[in-house]
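Each remark here refers to the structure printed beneath this line.
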Amino acid sequence: MRKKVQDSIKRKLIRKMNELLEELKGAGDDDISDVESENVIGDIVDRANSVYEMQIYDKLTEKERINLQEISDALKRIEGGVYGKCIVCGKAIEERRLVAIPEAKMCIICKSAAEKRKV
Ligand SMILES: [Zn+2]
276 MRKKVQDSIK
286 RKLIRKMNEL
296 LEELKGAGDD
306 DISDVESENV
316 IGDIVDRANS
326 VYEMQIYDKL
336 TEKERINLQE
346 ISDALKRIEG
356 GVYGKCIVCG
366 KAIEERRLVA
376 IPEAKMCIIC
386 KSAAEKRKV
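Per the numbering used here, the sequence shown starts with residue 276, numbered consecutively.
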């Protein structure tokens with residue numbers, strides 16, 4: 276995956292994470308401050324992890340929890356240099372797909388196979 280594309284995806288993920296954390300802040304806890312820098316993945320992942328330990332985590336909907344988890348997972352994969360690879364088959368995920376869904380961790384083939392299994 277091209278570095279430029281990954282950088283823009285990284286920014287997108289960090290923005291999403293910030294939005295989610297902002298909402299949580301609105302939900303009553305004042306211990307979350309804004310993250311302006313884009314080079315603080317470790318920091319923002321820590322922040323997301325600390326959310327899990329806070330009481331407000333209980334107030335999150337199931338969907339918000341999953342979303343937060345997915346974003347922090349994606350950021351960890353970027354940090355670990357394994358971003359953009361399908362967790363099932365190991366092949367590169369289509370760039371277009373990642374731009375549309377930055378937290379995607381499966382290629383379209385594995386994803387649709389997984390969805391079929393669920394039904
Ligand atoms: Zn796959």
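All C-beta atoms, glycine included, are put in the ideal place defined by N, C-alpha and C.
- At a cut-off of 8 Å, the beta-carbon of Gly-359 does not count as near ligand 1: no heavy atom of the ligand is closer than that.
- Secondary structure at Lys-380: coil, using DSSP grouped into helix, strand and coil.
- Using a cutoff of 8 Å, the CB of Ile-376 does not count as near ligand 1, since none of the ligand's heavy atoms is closer than that.
- With a cut-off of 8 Å, the C-beta of Ile-353 is classified as distant from ligand 1, since no heavy atom of the ligand falls inside that distance.
- By the Cβ neighbour-count rule, Gly-355 is exposed, with fewer than 16 other Cβ atoms within 10 Å of its own.
- Excluding residues up to 5 positions away in sequence, Arg-352 lie with their Cβ nearer than 6 Å to the Cβ of Tyr-358 in the same chain.
- A Cβ-Cβ contact shorter than 9 Å links Ala-349 with Lys-380.
- For Gly-365, the closest alpha carbon among the candidates Cys-385, Arg-372 and Arg-371 is that of Cys-385.
- Around the CB of Lys-285, 16 or more other CB atoms lie within 10 Å, so the residue is classed as buried.
- The Cβ atoms of Cys-382 and Arg-371 do not sit closer than 9 Å to each other.
- In the displayed model, Lys-291 falls within a helix according to three-state DSSP.
- Each residue's CA atom was taken as its position, placing Thr-336 and Asn-342 some 10 Å apart.
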